[in-house]
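Colleague:
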Amino acid sequence: LHENSTARKFVGLALADRTPDESTILQFRHLLEKHNLGKQVLERVNAGITAAGLVLSKGRIVDASFIEAPSSTKNRDHKRDPEMSSGKKGNTWHFGMKMHVATDDIIGIVTNAVYGPANEHDISRARELIPSETEQVYGDAGYVGMGKREEFQTDKEAEKRSYRINLRPGVLKGR
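Under our numbering, the residues of the sequence shown are numbered 11 to 185, in order.
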């Protein structure tokens, strides 16, 4: 929230406002999960977009990001959150979880979001993000081979769908 102006604007924080710390955000996430509100919030936002006459396209951009969690055990229970894990991107280790997101390829609005452990591969939650009627899928190199996976081959719309996935940097050097 401190570094990302779009996220700051979304949650209604001005630049001069204090940004909540990781523990506060984690507690809020647990509250949303406990009452099963995350999916309801996203559905309401998307319903508002549809009601406003903005039509979502049949293309999706998929990506995954780390959500950092406090790795310290200096808390009441002297433990780390058991739902969190460590994951590596490049040469950097992260402790927390992964947020997998699909956005509309034209408007850029989030259409779906799912969460998982930080140590899982980006592609592992792709099926949960992409509706079967999606015609084009865009993603970074973490999604290479998505269209060849069995869960995408069984869609009735699979033959119409195209995948625009970036190549891994090492592959680009060889070209």
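Ideal Cβ positions, reconstructed from N, Cα and C, are used throughout, including at glycine. Because the structure is a prediction, the values reported are computed rather than measured.
1. Taking the alpha-carbon positions, what's the P30 to Q163 distance?
2. With A112 as the anchor, note down where its beta strand (DSSP E) starts and where it stops.
3. Whose C-alpha, out of H40, S82 and G100, is nearest the C-alpha of G180?
4. Under the DSSP definition of a beta bridge, which residues are partnered with A74?
5. Give a yes or no on whether the C-beta atoms belonging to M109 and I133 are separated by under 7 angstroms.
6. Apart from the five residues on each side of it in sequence, which residues of its chain come closer than 6 angstroms, Cβ to Cβ, to E167?
7. So what's T60 in DSSP terms, helix, strand or just coil?
8. Under a CB-based cut-off of 7 angstroms, is G97 close to chain C?
9. Going by CA-CA distance only, name the one from A79, G63 and G97 that's closest to A128.
Modeller: So, from the data block:
1. 43 angstroms
2. T102 to D114
3. G100
4. H110
5. no
6. S142 and E143
7. helix
8. As a matter of chain content, chain C is missing from the structure shown, which is built from one protein chain.
9. G97
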